[in-house]
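**Student:**
2 protein chains.
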Amino acid sequence: MAGLDTKERILNAAEHFFARDGFHNTSLRMITGRAKVNLAAVNYHFGSKEALLKEVFERRLIPLNKIRRENLERVRDDARKKGCKPNVRDVMHAFIEPTFHFMASGPEAKDFIALIGRALSEPDDTVRNIFIHIMWSLFILLVEILADALPELPKNVLFWRLQFSMGAMAHTLHISQKSFPEHHAFMNIISETEIDSLIEMILKYITSGLEAS
Amino acid sequence: MAGLDTKERILNAAEHFFARDGFHNTSLRMITGRAKVNLAAVNYHFGSKEALLKEVFERRLIPLNKIRRENLERVRDDARKKGCKPNVRDVMHAFIEPTFHFMASGPEAKDFIALIGRALSEPDDTVRNIFIHIMWSLFILLVEILADALPELPKNVLFWRLQFSMGAMAHTLHISQKSFPEHHAFMNIISETEIDSLIEMILKYITSGLEAS
DNA sequence: GTCTATAGATTGATAGAC
DNA sequence: GTCTATCAATCTATAGAC
Numbered sequence: 013m014a015g016l017d018t019k020e021r022i023l024n025a026a027e028h029f030f031a032r033d034g035f036h037n038t039s040l041r042m043i044t045g046r047a048k049v050n051l052a053a054v055n056y057h058f059g060s061k062e063a064l065l066k067e068v069f070e071r072r073l074i075p076l077n078k079i080r081r082e083n084l085e086r087v088r089d090d091a092r093k094k095g096c097k098p099n100v101r102d103v104m105h106a107f108i109e110p111t112f113h114f115m116a117s118g119p120e121a122k123d124f125i126a127l128i129g130r131a132l133s134e135p136d137d138t139v140r141n142i143f144i145h146i147m148w149s150l151f152i153l154l155v156e157i158l159a160d161a162l163p164e165l166p167k168n169v170l171f172w173r174l175q176f177s178m179g180a181m182a183h184t185l186h187i188s189q190k191s192f193p194e195h196h197a198f199m200n201i202i203s204e205t206e207i208d209s210l211i212e213m214i215l216k217y218i219t220s221g222l223e224a225s
Numbered sequence: 013m014a015g016l017d018t019k020e021r022i023l024n025a026a027e028h029f030f031a032r033d034g035f036h037n038t039s040l041r042m043i044t045g046r047a048k049v050n051l052a053a054v055n056y057h058f059g060s061k062e063a064l065l066k067e068v069f070e071r072r073l074i075p076l077n078k079i080r081r082e083n084l085e086r087v088r089d090d091a092r093k094k095g096c097k098p099n100v101r102d103v104m105h106a107f108i109e110p111t112f113h114f115m116a117s118g119p120e121a122k123d124f125i126a127l128i129g130r131a132l133s134e135p136d137d138t139v140r141n142i143f144i145h146i147m148w149s150l151f152i153l154l155v156e157i158l159a160d161a162l163p164e165l166p167k168n169v170l171f172w173r174l175q176f177s178m179g180a181m182a183h184t185l186h187i188s189q190k191s192f193p194e195h196h197a198f199m200n201i202i203s204e205t206e207i208d209s210l211i212e213m214i215l216k217y218i219t220s221g222l223e224a225s
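These protein sequences, in sequence, are chains A and B. All residue numbers for the first sequence refer to the numbering used here, where the first residue is 13 and numbers rise by one. All residue numbers for the second sequence refer to the numbering used here, where the first residue is 13 and numbers rise by one.
1) Which value, in whole angstroms, describes the spacing of the CA atoms of Leu40(A) and Ser149(A)?
2) Can you name, in chain order, every residue of its own chain whose Cβ lies under 8 Å from the Cβ of Met115(A), other than the five neighbours on each side?
3) What residues in the segment 36-50 of chain A bring their beta carbon closer than 8 Å to a beta carbon of chain B?
4) Using a Cβ-Cβ distance under 8 Å, would Thr18(B) count as near chain A?
5) Can you tell me whether DSSP reads Ile39(A) as helix, strand or coil?
6) For a cutoff of 8 Å on Cβ pairs, would you count Gly118(A) as touching chain B?
7) Out of Arg81(B), Ile128(B), Gly118(B), which one is the CA nearest neighbour of Val68(B)?
8) Quick one: what's got a C-beta closer than 7 Å to Ala31(A)'s C-beta in the same chain, skipping five residues either side?
9) Which chain A residues sit within Cβ distance under 7 Å of His186(B)?
10) Take every Cβ of the segment 20-34 of chain B, pair it with every Cβ of the segment 56-73 of chain B, and state whether three or more of those distances are shorter than 8 Å.
11) Please compile the residues from chain A whose C-beta is within a distance smaller than 9 Å of the C-beta of Met104(B).
12) Buried or exposed, going by whether 16 or more other CB atoms sit within 10 Å of the CB of Ser225(A)?
13) Can a CB atom of chain B be found closer than 8 Å to the CB of Gly179(A)?
14) Using 8 Å as the limit for Cβ to Cβ distance, is Leu215(B) near chain A?
15) Please report the distance separating the alpha-carbon of Arg101(B) from that of Lys48(A).
16) Within 8 Å (strictly less), CB to CB, does His195(B) reach chain A?
17) Hey, how far is the Cα of Ile146(A) from the Cα of Lys97(B)?
18) Between which residues of its own chain and Leu154(B) is the CB-CB distance below 8 Å, once the five residues before and five after are set aside?
19) Alpha carbons only, please: which of Arg86(A), Asp89(A), Ala91(A), Pro110(A) is nearest the one belonging to Ile74(A)?
20) Counting only beta-carbon separations shorter than 8 Å, does Val169(A) have a partner in chain B?
21) Any Cβ of chain A within less than 8 Å of the Cβ of Met13(B)?
22) So within the segment 76-150 of chain B, which uninterrupted alpha helix (DSSP H) runs reach at least 4 residues, ignoring any that extend past its ends?
23) Does the separation of the CB atoms of Leu215(A) and His105(A) fall below 8 Å?
24) Let's see if you can read the secondary structure: which residues bound the alpha helix (DSSP H) around Phe176(A)?
25) Would you call the CB atoms of Leu132(B) and His183(A) closer than 8 Å?
26) Consider the C-beta atom of Pro98(A) and the heavy atoms of the ligand MN; say whether any pair is separated by less than 7 Å.
27) List the residues of chain B that Ala182(A) touches, going by C-beta distances under 8 Å, in chain order.
28) Please compile the residues from chain A whose C-beta is within a distance smaller than 8 Å of the C-beta of Ile3(B).
29) Ends of the alpha helix (DSSP H) at Lys19(A)?
30) Can you list, in chain order, the residues of its chain whose CB lies under 8 Å from that of Arg81(B), leaving out five sequence neighbours each side?
31) Short of 8 Å in beta carbon distance, which residues of its chain neighbour Ile157(B), apart from the five on each side in sequence? Order them along the chain.
32) Considering just the uninterrupted stretch of the alpha helix (DSSP H) at Ser220(B), what are its terminal residues?
33) Rounding to the nearest angstrom, what Cα-Cα distance links Leu51(B) and Glu20(B) in this structure?
34) From the beta carbon of Ala63(A), is the nearest beta carbon of chain B less than 8 Å away?
35) State yes or no: is the beta carbon of Arg101(A) nearer than 8 Å to at least one beta carbon in chain B?
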């Protein structure tokens, strides 16, 4: 954190605590303490705690969603060129892969991944609304392409299966940082799982669930 | 809330706010205000805010898990009698159905369901640890029976697929009380979905994902 | 831009009268 | 068991010196 400027140090520290303890359970003093900046610096640079949270999300999600959108549009356009339906596995891969690979890109990335893994289920609507607002248009694009890929599936069934998939995804991102009680054999399994095989496993699971007869 | 005694009124009010706003974002004053009891009554009857949370969980989870355990053991014993493997769908039905049907049992039940739908992904470990401690032995039983049902599946793959299923389930319980941005057609789909068809949909999705080749 | 100091509000918990 | 009153700690946010 040495060479970074104040704003970035605050963002990194906030990301860490928001991910580990949640938004309301993190105080500005914890953040400024870890970032080694003055307490007043948060309000000087960001205006409020909530505006800080918004920037924590946007710093990572805007570039990440740009990649996801490009991936999704490519899958859709390729299918159109070939005159066939998009492949469900390809669609979900386009959506999922950037997030999971970002997770493996470094230790600070893990903080953020744990945060978005829980964003949909945050208790109060502060976090949830900021997250959904950023994600919504991309989610609609995903729904539309999946509807092309699974034209025979009733819309409400597609909606629910996509929600199941979002839940599976969010929970997976979330627990990648958590521990389990007792010294159970499963504990090691998590840490030993490589990121590529995890992507492979969740893609197979989700694709199978989405395509169920 | 009129005829109920103080302790039960506090439990109901706490359940409501813990589910809606989360543990740390709920104050004892909110709880006692809704329950129409004195502020000091919480510490008199429960000892602390955290002990109150524990009782909120236990009041519903202990009877619910008793049913789930009986269901699971019945599925396992039936399969043993017949000398065949347990059926994956039957196993997951035994685990899932009591929760979803409890959800439909009344308006207060919805508060609790939203709470456990988020328990696994709560920001801080207060809520999560209490929940996991109550659920752990049942979860292990579920894992063991599923391992019998899917003997050819590597243990780490089974573990992850079960985690995906838990995520799907938790997210589904959680969003059953939430709204989505904009007036999107999907909004109506949620509220119109009947509980039995929701159970059917999630069972089909999860079973298909667990059994994927 | 960074600091100290503090305002102003809210919190969980408790003491003690009734 | 229920009440009032209050403590001690915490929080976000800001004012003002440097």
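A virtual CB, placed ideally from N, CA and C, is assigned to each residue, including glycine.
**Tutor:** In short:
1) Against the first sequence, residue 40(A) aligns to sequence position 28. Against the first sequence, residue 149(A) aligns to sequence position 137. Using only the alpha carbons, I get a separation of about 31 Å.
2) If you number the first sequence from 1, residue 115(A) lands on position 103. The answer, listed in chain order, is Ala121, Lys122, Ile125, Leu185, Ser188, Ile207.
3) Per Cβ criterion, the list reads His36, Asn37.
4) Looking up residue 18(B) in the second sequence gives position 6. It does not: the Cβ of Thr18(B) has no partner Cβ on chain A nearer than 8 Å.
5) Position 27 of the first sequence, counted from the start, is the residue given in the question as residue 39(A). In the sequence as presented, Ile is not what sits at residue 39(A); that position holds Ser. Coil, per DSSP.
6) Position 106 of the first sequence, counted from the start, is the residue given in the question as residue 118(A). Cβ-Cβ to chain B under 8 Å: no for Gly118(A).
7) The residue you call residue 68(B) lines up with position 56 of the second sequence. The closest CA to that of Val68(B), considering only Arg81(B), Ile128(B), Gly118(B), is found on Ile128(B).
8) Working through the first sequence from its first residue, we reach residue 31(A) at position 19. So the qualifying residues of the chain are Asp123, Phe124, Ala126, Leu127.
9) Taking the first residue of the second sequence as position 1, residue 186(B) is located at position 174. By Cβ distance, chain A contributes Ser133.
10) A contact exists between the segment 20-34 of chain B and the segment 56-73 of chain B.
11) Working through the second sequence from its first residue, we reach residue 104(B) at position 92. Per Cβ cutoff of 9 Å: no residues; Met104(B) is ~12 Å from chain A at best.
12) Indexing the first sequence from 1 puts residue 225(A) at position 213. It is exposed - the Cβ of Ser225(A) has fewer than 16 other Cβ atoms within 10 Å.
13) Walking along the first sequence from the start, residue 179(A) turns up at place 167. Proximity of Gly179(A) to chain B, defined by a Cβ-Cβ separation below 8 Å, is satisfied.
14) Mapped onto the second sequence, residue 215(B) falls at position 203. False, the Cβ-Cβ gap to chain A never drops below 8 Å.
15) One-based indexing of the second sequence puts residue 101(B) at position 89. One-based indexing of the first sequence puts residue 48(A) at position 36. If I take the Cα positions, the gap works out to 53 Å.
16) By one-based count along the second sequence, residue 195(B) stands at place 183. With a pLDDT of 43 at His195(B), under the threshold of 50, the modelled position of this residue cannot be trusted, and the question is left open.
17) Taking the first residue of the first sequence as position 1, residue 146(A) is located at position 134. Taking the first residue of the second sequence as position 1, residue 97(B) is located at position 85. Distance between the alpha carbons of Ile146(A) and Lys97(B): 46 Å.
18) As a first step, residue 154(B) must be located in the second sequence, where it is residue number 142. In chain order, Leu84, Val103, Phe107, Leu174 place their CB closer than 8 Å to the CB of Leu154(B), counting only its own chain and leaving out the 5 sequence neighbours on each side.
19) For the purposes of this step, residue 74(A) is identified with residue 62 of the first sequence, where counting begins at 1. The shortest C-alpha separation from Ile74(A) is found at Pro110(A).
20) As a working mapping, residue 169(A) is identified with position 157 in the first sequence. Val169(A) counts as touching chain B.
21) Residue numbering aside, residue 13(B) sits at position 1 when the second sequence is read from its first letter. For Met13(B), the predicted model reports a pLDDT of 49, less than 50, meaning its position is unreliable and no value from the coordinates is stated.
22) Listed in chain order, the alpha helix (DSSP H) runs fully inside the segment 76-150 of chain B are 100-115, 119-131, counting runs of at least 4 residues.
23) Residue mapping note: residue 215(A) aligns to position 203 of the first sequence, counting from 1. Residue mapping note: residue 105(A) aligns to position 93 of the first sequence, counting from 1. His105(A) sits close to Leu215(A), with the two beta carbons spaced by under 8 Å.
24) Looking up residue 176(A) in the first sequence gives position 164. First-last of the alpha helix (DSSP H) with Phe176(A): 167-187.
25) Counting from one through the second sequence, the residue named residue 132(B) turns up at place 120. Counting from one through the first sequence, the residue named residue 183(A) turns up at place 171. Their beta carbons are under 8 Å apart, which means Leu132(B) touches His183(A) by this criterion.
26) Judged by which ligands are present, the structure shown has none, so any question about the ligand MN falls away.
27) Against the first sequence, residue 182(A) aligns to sequence position 170. Using a Cβ-Cβ cut-off of 8 Å, Ala182(A) is close to Ser133, Gly179, His183 of chain B, given in chain order.
28) Any property of residue 3(B) remains undetermined from this structure, which presents chain B solely from 13 to 225.
29) Residue mapping note: residue 19(A) aligns to position 7 of the first sequence, counting from 1. Its alpha helix (DSSP H) spans residues 18-33.
30) Locating residue 81(B) in the second sequence gives position 69, counting from the first residue. Closer than 8 Å at Cβ, skipping near neighbours: Leu150, Leu153.
31) One-based indexing of the second sequence puts residue 157(B) at position 145. Same-chain partners within the cutoff: Leu84, Val87, Arg88, Pro98, Val103.
32) Stepping through the second sequence from its first residue, residue 220(B) is reached at position 208. Ser220(B) -> alpha helix (DSSP H) spans 207-222.
33) Position 39 of the second sequence, counting from 1, holds the residue named residue 51(B). Position 8 of the second sequence, counting from 1, holds the residue named residue 20(B). Distance between the alpha carbons of Leu51(B) and Glu20(B) is about 15 Å.
34) Taking the first sequence and counting its residues from 1, one reaches residue 63(A) at position 51. No, Ala63(A) lies away from the interface with chain B (no Cβ there is under 8 Å from its Cβ).
35) Along the first sequence, one-based indexing puts residue 101(A) at 89. Closer than 8 Å: no.
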